[in-house]
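The block underneath contains the structure these notes are about, expressed in structure tokens.
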Amino acid sequence: APRAAARRGLGPDHDPRQARPPSGCQQVVRHARRPGRLRRLSRRGRGPAGTSWDCFDTLSGRATGHEPWRLVDHVGGEEYRRVRQLAEARSDKPWPGIFRALEALTGWPAARVAELREREWQAELVAAFPIVENVRRVSPGDRIVSDTYFSTAQVRELAGRIGIPRSVEIVTSWDGKHSGAWWAKPEAAAADLHVGDNHRSDYLQPRRAGRKAEAYARGRPTRDEESVAEGGRWEVAAAMRAARLQNIYAAD
Numbered sequence: 006a007p008r009a010a011a012r013r014g015l016g017p018d019h020d021p022r023q024a025r026p027p028s029g030c031q032q033v034v035r036h037a038r039r040p041g042r043l044r045r046l047s048r049r050g051r052g053p054a055g056t057s058w059d060c061f062d063t064l065s066g067r068a069t070g071h072e073p074w075r076l077v078d079h080v081g082g083e084e085y086r087r088v089r090q091l092a093e094a095r096s097d098k099p100w101p102g103i104f105r106a107l108e109a110l111t112g113w114p115a116a117r118v119a120e121l122r123e124r125e126w127q128a129e130l131v132a133a134f135p136i137v138e139n140v141r142r143v144s145p146g147d148r149i150v151s152d153t154y155f156s157t158a159q160v161r162e163l164a165g166r167i168g169i170p171r172s173v174e175i176v177t178s179w180d181g182k183h184s185g186a187w188w189a190k191p192e193a194a195a196a197d198l199h200v201g202d203n204h205r206s207d208y209l210q211p212r213r214a215g216r217k218a219e220a221y222a223r224g225r226p227t228r229d230e231e232s233v234a235e236g237g238r239w240e241v242a243a244a245m246r247a248a249r250l251q252n253i254y255a256a257d
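As numbered in this note's numbering, residues 6 to 257 make up the sequence shown, in order.
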């Protein structure tokens, strides 16, 4: 799979007429009753002014699970996933370029490719959910910095879906964080802290550039979630993860 799949990617569906997550992942409990010896995390402790945030798996999760290509499976099945990954690898990487490469690779009519592109985007919007413990820390003057093939406007729309205010700046590139190019820019120095889940892009690279960085790890699947997914019930595992990340409790 291309490097993007490992870093950010998406994921595909068996019925190409539907652009929605599996039914088991569509609805997750956003406000659960406090179990046993658990305490609700405080809203205090917001990030300092000028915090920069990774987007995917730090602020926004996918209801189809941590494995990004599950969403693409949901759009068109395994065969679509295969050609979609190959098209991304051969493309110039921005979102429109991926689908130009898909059309050239498959020979499919432009109308069919445009329809798949729109289904995939709508699936992204439907699948997006807030990772509440981080979304609650976002302040109006913060910034989202994302390595992605999505445009800034697309990330803005996704951010709005999870409750991020429009006053938050959004910066997108293909691999600005991963390559270190973003961290060398003066604009990156304006942030007091960067928070993200990718060890290289969001932690090692900013620290090498002298920036303060915080690694976020709770977006990764737990052992129980991994065990359920390995047993073939990935939809259940995805729903477990989505419920956990939208209910901010921590063990005492």
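Don't be surprised by glycine CBs; every beta carbon is placed ideally from N, CA and C.
Asked	Found
Helix, strand or coil at arginine 44 according to DSSP, with G and I counted as helix	Summary for arginine 44: the model assigns pLDDT 30, below 50, so the residue's position carries little reliability; its value from the coordinates is reported in the next sentence. Strand, per DSSP.
The alpha helix (DSSP H) enclosing phenylalanine 104, as first and last residue numbers	100-111
Between the CA atoms of alanine 244 and cysteine 60 - distance to the nearest angstrom	20 angstroms
C-beta contact flag for alanine 119 and valine 80 at 8 angstroms	no
Neighbour-count burial assignment, proline 211, 16 or more Cβ in a 10 Å radius	buried
Through-space distance from alanine 158 to alanine 94, alpha-carbon basis	23 angstroms
N-terminal and C-terminal residue of the beta strand (DSSP E) that histidine 199 is part of	198-201
Spatial distance of threonine 69 from glutamate 231 (CA atoms)	14 angstroms
Assigned exposure category for alanine 222 - 16 Cβ within 10 Å defines buried	exposed
Alanine 189 Cβ short of 7 angstroms to the ligand PLP heavy atom set	Of ligands this structure carries none, so the ligand PLP is not represented either.
Stretch pair the segment 163-172 + the segment 74-92: three plus CB contacts closer than 8 angstroms	no
Of the listed residues Ile175, Trp74, Lys98 and Asn252, nearest to tyrosine 154 (C-alpha basis)	Lys98
First and last residue of the uninterrupted alpha helix (DSSP H) at threonine 157	157-166
Alanine 193 - DSSP class collapsed to helix/strand/coil	helix
Same chain, Cβ closer than 6 angstroms to glycine 50, five either side skipped, listed in chain order	Legend: pLDDT at glycine 50 = 40, less than 50; position of this residue unreliable, value from coordinates given subsequently. Excluding residues within five positions, none has a Cβ falling inside 6 angstroms.
Candidates Trp188, Asn139, Ala196 and Ser184: closest to asparagine 252 by CA position	Asn139
Which residues DSSP lists as bridging threonine 177, in chain order	Ser151
Collapsed DSSP secondary structure at proline 26 in the structure displayed	In this prediction, proline 26 scores a pLDDT of 39, lower than 50, which makes its location untrustworthy; the coordinate-derived value is nonetheless stated afterwards. Here proline 26 sits in coil by DSSP.
Identified DSSP bridge partners for tryptophan 58	Ile149 and Val200
Anticipated Cβ contact below 8 angstroms, arginine 246 with proline 226, distance rounded	6 angstroms
Nearest candidate by alpha-carbon position, reference aspartate 147, set Gly236, Trp100 and Ala193	Ala193
Through-space distance from alanine 116 to glycine 41, alpha-carbon basis	Low confidence applies to glycine 41: its pLDDT is 30, below 50, so where it sits in the model is not reliable, and the reading given next is rough at best. If I take the Cα positions, the gap works out to 54 angstroms.
Closest residue to leucine 64 among Val143, Asp197 and Trp113 (Cα-Cα distance)	Val143
Run of the alpha helix (DSSP H) containing alanine 128, from where it starts to where it stops	115-132
Residue span of the alpha helix (DSSP H) that contains alanine 94, given as start and end	74-95
Under the three-state DSSP convention, the category proline 135 falls into	strand
Residue-level contact to chain B via CB, threonine 157, 8 angstroms cutoff	Here chain B cannot be found, since the structure has a single protein chain.
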